[in-house]
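K.L.:
Handing you this structure, nothing more for now.
Protein chains in written order, with the working numbering: chain A, 1 to 480; chain B, 1001 to 1102; chain C, 2001 to 2616.
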């Protein structure tokens, strides 16, 4: 590595440095607003630094990281999500009695971990990023330590994510034993040269278990609803966006080339197809009758990862557009949904049940409208980001002739429509006769901070813009 | 010298034991120890592969050191969370910690 | 200069967005100004475009804002296409639209929901402009559905009256039948010709097989018939008068209902490939215009007179389209927009002055109290009746009548129907004038407001001079309008008129003057009121189509639905739902909250995948 490589890494180094700076700041002065401000500044500076990275594309930085357009796009998504989650956290945690400052510190580290994963070209970087993300998330999930559910979710995630990391590591050890290298590029060469090497494939499959766990693919999905439900809302949003985006970026880096190079009926392709089919079907079925909105979104995320996997399996140029576009749309929609929920909740009293949202439109029309658009986008209704994302995924699937996946995607999306519309109907229903409208979620006078309002407005604009005016983003994604 | 396959076998057994501990032990700390066992199985694998096949590369040794460090960090955070679990629930029996389901 | 084109739809859309979002925090005056101003600016843009066109006609101007999505040859863009036809439509939509918005500022001034009103109206104008300027079929369809939505919202604007809501629902459902046909037609065209770009479609149209051309044209006609309230989908229009009067003037008279005419004229290349469908267009138009004229004669509700009149006049445009007289149809569309908007706005003032009374038999002698409106409505009625030589309606109607006989596709009987309709038109137009403004006077409040007099004045002037752009050959043949449209719309092949043209011109004049005379005898001298029985009643109820459809469609459908409650089809879907819920139950039971169970599943999944690896 030389000094010349440094600018390419700024978007990642700045949040990392901000974490250190924040730690130092906290020794001088404990102030939640200050901490949040520092974190946000770090994210914004990181986003601005992306311009510097984008100037030097396809840039291997040591053997550990590659800063190419794909990394830059995903870094952008991750930093954006990082910024918005910090904004949501400020309003959400305002009633928390315990110290709130460390939240932002851990969150900065988690995002840095995710960014390392998205740019990694080497197993060491991959594992380091994965653990940085995971360990930060254990604490973030259990952050409101007086809330039993949060602690329960933290323990569950701790044990299961630890086990999945062990799988990843064992897989790495096996691939190392088979190939003698830890770089992705070498792995690719070996996999194409010896597609039948069981030791190597066994290693890859075990790594896949770990990645599948992070993506909540069936059958590694069991933790998802419980962690979503128990984690404080901003962290739920983080798990749904940053953690999944990083894991999928990594998967794409590690195996997209392999899947494309191998014939359509290779063992890996079969395994991926099974995972995708199971995720789409099981995820949507689980969401059907779910009454808790957080759990519902957890199940829907399982299905959505199945959709994303469809584009991944299809491969080809179409997938190179479809995967980032789908993720951008998915992440914006999920952030919008959780953003709305966050601004109506506090750690002590979260609005989780669909019933809690009955008649929301009559009291908070703007929030209800944004939640509606977000859910419609997740359901893939035209003129929203989700529609085009799903559309590109389908195009990729059809171009590759993956008809089983395409048909399953379409059919299970029908199921999805049912449960999303169920929530939307509740938003616009009049409160039940003789019943008070939803009990006000907060005892405090509720006023949206300017920052949260701005964040939600940006999300709303993006949801529609990505659905109506895709060209600039597509241009950005024209990835070599 | 013992054949490489034996060592792989041992590491797989170690991994399986860790997994079994994870599934069968109701004590959260014990489950965490199961996870540690799994990580160490992987380490053993790394070291063996280095020693038998790639003795002139340092990759595996570095990887093992990295894993030991990370495992320590994970254990520290994990035990802190389990301590807090005990404060909230009065137990570390994983089977009794199921407020959320469905 | 032409690069301003995108502003034409964007300005009203921006008006809509502002009104819909932050409008609630703004005072009413600002809301009104925004609503009227955005359309006014759009009209200004249109005028600038027209001026630029006059200075240097570019032939056609295309502006691509962006491509929405791109799959193979399916690449609908947000692309606007301006040619003479689109320019005429654009000028009328924004120009008349602006005048009606100004009027609406007065008409709705006391309405508590004025913001909602202007938001919908602005959205309507934006969508109508999109429809007119669309360069490809998906965009056209967006505009098409957009105006349909606005129409629905505005018919049901006063939604506290259940009747209004029903009328809105009826309009929405019936036009939906046509919309469905239209979209199938669009799919068919794309499947056959492999493009959605309208100009490319027209260029490729001669390559269509006769069967495909017939189907495509018939399906497009289906859409046009629904939107333009022609047989057999005409029943929604009279009920649509439940909306506020400016809405009736803008949407249900001047612009939206003529979208069908525009669609056929725009897609004329497809229609000329399907002679059978052309004949159907002419016949549907002819029959609708005659039936609607009879119905208009029997109406008592002032607005329903005008609604049936609209239906009849649009029928006349359809007849012109059917014989290939595209230019004449668009000419009549333009003059009709002027005088029908004028009539509706005037009628709105009358109804307002009478405190909401709409029954013409309870009106009378209003020319003393409302002299200005009297003159405006008189000019509108004269134009509608086609008063010879001085009104716009005369020239446009005469152009249609003349071509309905002499065009190659024309026929004497089409002309005869048209002539008789023109006669009836004159009768009902002046029945309205005589019943409302002559005879014994009733109590009314005078209305004096610039927001009324200026639009009425401008529209009255246009109703007169709007016709002098396409004169018949015997009167000098001064025809810049036809020359302007010729690059887009070909002239129909026709027999040489000669002296015959004079005869037909005279016949048109006779129909108009005769009709006015009969109206004078029947309604000014004697104030005949039609009985509430027999033929008059049948006509008043629109030839019993509502009852017919009720019997023919609604009741059997309800019966069928009732019978089908427990049938096999449902059983399948219920079964599917039950299976899904059952699976949901099982899978949810697996989510039992036990972390050890989850870890077991994780390990089992890994073992499963590894087993798969070895087994293969």
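Idealized CB from N, CA, C, for every residue including glycine.
With which residues is residue 1960/C paired in a DSSP beta bridge?
P.N.:
Not covered by the structure: residue 1960/C. The range shown for chain C is 2001 to 2616.
K.L.:
Please report the distance separating the alpha-carbon of residue 2469/C from that of residue 2256/C.
P.N.:
Position 469 of the third chain holds residue 2469/C. Position 256 of the third chain holds residue 2256/C. Distance between the alpha carbons of residue 2469/C and residue 2256/C is about 24 Å.
K.L.:
In whole angstroms, what is the alpha-carbon distance linking residue 225/A and residue 215/A?
P.N.:
Sequence index remark: in the first chain, residue 225/A carries index 225 (1-based). Sequence index remark: in the first chain, residue 215/A carries index 215 (1-based). Going from the Cα of residue 225/A to the Cα of residue 215/A covers about 13 Å.
K.L.:
For residue 2010/C, which three-state DSSP category applies?
P.N.:
The residue given as residue 2010/C occupies position 10 in the third chain. Helix, per DSSP.
K.L.:
In terms of residue numbering, what span does the beta strand (DSSP E) encompassing residue 60/A cover?
P.N.:
Taking the first chain and counting its residues from 1, the one referred to as residue 60/A is at position 60. Element bounds for residue 60/A: 59-61.
K.L.:
At a CB-CB cut-off below 8 Å, which residues of chain B make contact with residue 2122/C?
P.N.:
Position 122 of the third chain holds residue 2122/C. Those within 8 Å of residue 2122/C in chain B number zero; the least Cβ separation is about 48 Å.
K.L.:
Residues of the stretch 2471-2501 of chain C with a CB closer than 8 Å to any CB of chain A: list them in chain order, please.
P.N.:
none
K.L.:
On a CA-only basis, which of 2480/C, 2544/C and 2526/C is nearest residue 2534/C? Give me that one, please.
P.N.:
Residue 2534/C sits at position 534 when you count from the first residue of the third chain. Nearest C-alpha to residue 2534/C among 2480/C, 2544/C and 2526/C: 2544/C.
K.L.:
Is the Cβ of residue 226/A closer than 8 Å to any Cβ of chain B?
P.N.:
Residue 226/A sits at position 226 when you count from the first residue of the first chain. Chain B, which has a Cβ nearer than 8 Å to the Cβ of residue 226/A, makes this yes.
K.L.:
Who are the near neighbours of residue 2344/C in its chain, counting only those whose CB is closer than 7 Å to its CB and skipping five residues on each side?
P.N.:
Working through the third chain from its first residue, we reach residue 2344/C at position 344. Cβ neighbours of residue 2344/C beyond the five flanking positions: 2245, 2248, 2249, 2253 and 2306.
K.L.:
Residue 481/A and residue 463/A: beta carbons closer than 8 Å?
P.N.:
The requested residue 481/A is not part of the displayed model; chain A covers only 1 to 480.
K.L.:
Closest to residue 472/A by CA distance: which of 2590/C, 2270/C, 2067/C and 2059/C is it?
P.N.:
In the first chain, the residue the question calls residue 472/A occupies position 472. Taking only the C-alpha atoms, the option nearest residue 472/A is 2067/C.
K.L.:
How far does the alpha helix (DSSP H) with residue 2558/C in it extend, from its first residue to its last?
P.N.:
On the third chain, residue 2558/C is found 558 positions in, with the first residue counted as 1. Start and end: 2555-2563.
K.L.:
Is residue 346/A helix, strand or coil when you go by DSSP?
P.N.:
Numbered from 1 along the first chain, position 346 holds the residue referred to as residue 346/A. The answer is coil: DSSP assigns residue 346/A none of H, G, I, E or B.
K.L.:
Can a CB atom of chain C be found closer than 8 Å to the CB of residue 469/A?
P.N.:
Residue 469/A sits at position 469 when you count from the first residue of the first chain. Yes, contact with chain C.
K.L.:
Report the three-state DSSP secondary structure of residue 443/A (helix, strand or coil).
P.N.:
Mapped onto the first chain, residue 443/A falls at position 443. In this predicted model, residue 443/A has a pLDDT of only 38, less than 50, meaning its place in the structure is not dependable enough to derive any value.
K.L.:
Which of the three DSSP states, helix, strand or coil, is assigned to residue 45/A?
P.N.:
In the first chain, the residue the question calls residue 45/A occupies position 45. Helix.
K.L.:
Taking the alpha-carbon of residue 2191/C as reference, which of 2172/C, 2213/C, 2170/C and 2436/C has the nearest alpha-carbon?
P.N.:
Locating residue 2191/C in the third chain gives position 191, where the first residue counts as 1. Per the Cα distances, 2213/C.
K.L.:
Using a threshold of 8 Å, state whether the C-beta atoms of residue 402/A and residue 314/A are closer than that.
P.N.:
Taking the first residue of the first chain as position 1, residue 402/A is located at position 402. Taking the first residue of the first chain as position 1, residue 314/A is located at position 314. When the beta-carbon positions are compared, residue 402/A and residue 314/A come within less than 8 Å of each other.
K.L.:
Buried or exposed: residue 2113/C, going by 16 or more other Cβ atoms within 10 Å of its Cβ?
P.N.:
In the third chain, residue 2113/C corresponds to position 113, counting from 1. Counting Cβ neighbours within 10 Å, residue 2113/C comes out exposed, since fewer than 16 surround it.
K.L.:
Taking residue 2606/C as the query, report the chain F residues whose CB atoms sit under 7 Å from its CB, ordered along the chain.
P.N.:
Annotation note: the requested chain F is absent from the structure, which comprises protein chains A, B and C.
K.L.:
Taking 8 Å as the cut-off, decide whether the C-beta atoms of residue 2348/C and residue 2107/C are in contact.
P.N.:
Stepping through the third chain from its first residue, residue 2348/C is reached at position 348. Stepping through the third chain from its first residue, residue 2107/C is reached at position 107. The answer is yes: Cβ separation under 8 Å.
K.L.:
For residue 2196/C, name the three-state secondary structure that DSSP assigns.
P.N.:
If you number the third chain from 1, residue 2196/C lands on position 196. Coil.
K.L.:
For residue 2019/C, I'd like the list of residues in its chain whose CB is within less than 7 Å of its CB, leaving aside the five on either flank, ordered along the chain.
P.N.:
Translated into the one-based positions of the third chain, residue 2019/C becomes position 19. 2031, 2034, 2035, 2115, 2118, 2119 and 2122, listed in sequence order.
K.L.:
Going by the beta-carbon positions, is the gap between residue 2591/C and residue 1101/B smaller than 8 Å?
P.N.:
Sequence index remark: in the third chain, residue 2591/C carries index 591 (1-based). Sequence index remark: in the second chain, residue 1101/B carries index 101 (1-based). In this structure, residue 1101/B lies closer than 8 Å to residue 2591/C by Cβ.
K.L.:
Give the range of the alpha helix (DSSP H) segment to which residue 273/A is assigned.
P.N.:
Looking up residue 273/A in the first chain gives position 273. Element bounds for residue 273/A: 267-287.
K.L.:
Going by the beta-carbon positions, is the gap between residue 297/A and residue 337/A smaller than 8 Å?
P.N.:
Translated into the one-based positions of the first chain, residue 297/A becomes position 297. Translated into the one-based positions of the first chain, residue 337/A becomes position 337. Taking a C-beta distance under 8 Å as the contact criterion, residue 297/A and residue 337/A qualify as a contact pair.
K.L.:
Under 8 Å by Cβ, that's how I've got residue 200/A and residue 231/A pegged, so tell me the actual separation to the nearest angstrom.
P.N.:
Mapped onto the first chain, residue 200/A falls at position 200. Mapped onto the first chain, residue 231/A falls at position 231. Going by Cβ atoms, the distance from residue 200/A to residue 231/A rounds to 36 Å, so no, they are not a contact pair.
K.L.:
Kindly confirm or deny that the stretch 2079-2096 of chain C and the stretch 2149-2166 of chain C touch, where touching means at least three C-beta pairs closer than 8 Å.
P.N.:
no
K.L.:
Decide yes or no for the touch test of the stretch 235-250 of chain A against the stretch 75-86 of chain A: beta carbon pairs closer than 8 Å, at least 3 of them.
P.N.:
yes
K.L.:
Our contact map puts residue 2492/C next to residue 2325/C with C-beta atoms below 8 Å; I'd like the distance itself, whole angstroms only.
P.N.:
Within the third chain, numbered from 1, the residue matching residue 2492/C stands at position 492. Within the third chain, numbered from 1, the residue matching residue 2325/C stands at position 325. Here residue 2492/C really is in contact with residue 2325/C; their C-beta atoms are around 5 Å apart, less than 8 Å.
K.L.:
When DSSP labels each residue in this structure, what does residue 473/A get in the three-state scheme?
P.N.:
Translated into positions along the first chain, residue 473/A becomes position 473. Correct three-state label for residue 473/A: helix.
K.L.:
Excluding sequence positions up to five away, which residues of its chain have a Cβ less than 6 Å from the Cβ of residue 480/A?
P.N.:
Within the first chain, residue 480/A is the residue found at index 480, counting from 1. Because the pLDDT of residue 480/A is 47, which lies under 50, any placement of that residue in the model is unreliable, and the question is left without a value.
K.L.:
Can you give me the Cβ contacts of residue 2368/C inside the same chain, cut-off strictly under 8 Å, excluding the 5 residues immediately before and after it?
P.N.:
The residue labelled residue 2368/C in the question sits at position 368 within the third chain. Closer than 8 Å at the Cβ level, and outside the excluded window around residue 2368/C, lie 2441.
K.L.:
If you count every other CB in all the chains shown that lies within 10 Å of the CB of residue 290/A, and 16 or more means buried, which is it?
P.N.:
On the first chain, position 290 is the one that residue 290/A refers to. The residue is buried, with at least 16 neighbouring Cβ atoms inside 10 Å.
K.L.:
Figure out for me which residue from 2060/C, 2427/C and 2174/C has the closest Cα to the Cα of residue 2290/C.
P.N.:
Counting from 1 along the third chain, the entry for residue 2290/C is found at position 290. Of 2060/C, 2427/C and 2174/C, the residue nearest in Cα terms is 2427/C.
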